[in-house]
């Protein structure tokens with residue numbers, strides 16, 4: 001197996017040749033994008049109607065998503081969308097930092113000229129993309145998200161462990177879900193390209209400690225912005241609750 005190279009053109013896992021995999025990908029995109037309401041039930045019949053597939057491929061897709069932690073399952077009662085919470089976000093961020101620190105250190109230790117070229121190119125492409133959609137300045141740009149994902153994948157692509165890369169990818173998916181739901185802390189200012197550039201420069205210089213510190217700071221800042229949205233939601237619910245009691 002060859003390590004140190006990543007696909008800069010497409011961050012998909014592979015061809016989606018079967019109906020079940022097509023349903024899986026469509027439903028997965030909606031789950032990660034926050035399109036579907038958390039904790040709501042996902043009945044097979046509803047998914048069949050919405051995504052235009054038979055019951056068998058739908059069940060296969062639902063079981064696959066449950067194995068990834070995006071869906072939960074009640075015995076005899078079907079599937080439901082996993083809830084989001086501040087405590088889970090904290091655990092997710094902590095675990096992601098643990099794993100990606102190891103992956104990044106290994107990637108830097110075993111870096112190649114090809115890896116360095118890919119990292120420079122990934123950073124360049126990310127810097128040229130607009131973070132927010134030109135049509136809606138408060139919506140995240142899907143093209144930027146794709147390039148962002150590629151940048152972080154290239155960073156750890158030379159770590160010599162596809163298992164580790166796979167685990168990091170899965171955590172990245174869940175982090176993306178939180179960012180979409182929180183809109184990455186709307187209204188909070190940050191220079192995200194400078195953050196990514198610092199990570200890349202340290203990695204290219206072989207400064208593993210500096211790269212890891214910059215990466216962890218980057219993830220923790222994102223998590224803090226998402227946490228702020230949880231706090232804002234809690235405050236809004238508390239105000240609504242007081243208003244309801246006052247009207248009684």
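Numbering (full-length UniProt numbering), first residue to last: 1 to 248. The beta-carbon is built from N, C-alpha and C at its ideal position, and this holds for glycine as well.
Using beta carbons (cut-off 8 Å, strictly below), is residue i in contact with chain D?
| i | result |
| --- | --- |
| residue 84 | Here chain D cannot be found, since the structure has a single protein chain. |
Going by beta-carbon coordinates alone, are residue i and residue j separated by less than 8 Å?
| i | j | result |
| --- | --- | --- |
| residue 28 | residue 65 | yes |
| residue 164 | residue 199 | no |
| residue 58 | residue 181 | no |
| residue 123 | residue 171 | no |
| residue 219 | residue 96 | yes |
Please name the residue or residues paired with residue i in a DSSP beta bridge.
| i | result |
| --- | --- |
| residue 230 | According to DSSP, residue 230 bridges with nothing at all. |
| residue 73 | 79 |
| residue 140 | 132 |
| residue 41 | 80 |
Under 8 Å Cβ to Cβ from residue i, same chain only, skipping five residues before and after it: list those, please.
| i | result |
| --- | --- |
| residue 184 | With a pLDDT of 49 at residue 184, under the threshold of 50, the predicted position of this residue should be treated as unreliable, though the coordinate-derived value follows. Within the same chain, residue 184 has close Cβ partners 140, 222, 225, 226. |
| residue 145 | 176 |
| residue 26 | 51 |
Pull up the CB-CB distance for residue i and residue j, whole angstroms please, since I reckon it's below 8 Å.
| i | j | result |
| --- | --- | --- |
| residue 99 | residue 196 | The pair is not a contact, with the Cβ atoms about 19 Å apart (cut-off 8 Å). |
| residue 42 | residue 78 | 7 Å |
| residue 20 | residue 55 | The pair is not a contact, with the Cβ atoms about 11 Å apart (cut-off 8 Å). |
| residue 131 | residue 192 | 6 Å |
Ignore the nearest five residues each way along the sequence and tell me which others in residue i's own chain have a CB closer than 6 Å to its CB.
| i | result |
| --- | --- |
| residue 36 | 30, 81 |
| residue 129 | 143, 144, 147 |
| residue 230 | 86 |
What residues in its chain sit with their C-beta under 7 Å from that of residue i, if we drop five residues either side in the sequence?
| i | result |
| --- | --- |
| residue 173 | 32 |
| residue 211 | 104, 108, 199, 202, 203 |
| residue 121 | 8 |
| residue 190 | 221 |
Q: Would you check if there are 3 or more beta carbon pairs closer than 8 Å linking the region 86-104 to the region 148-160?
A: yes
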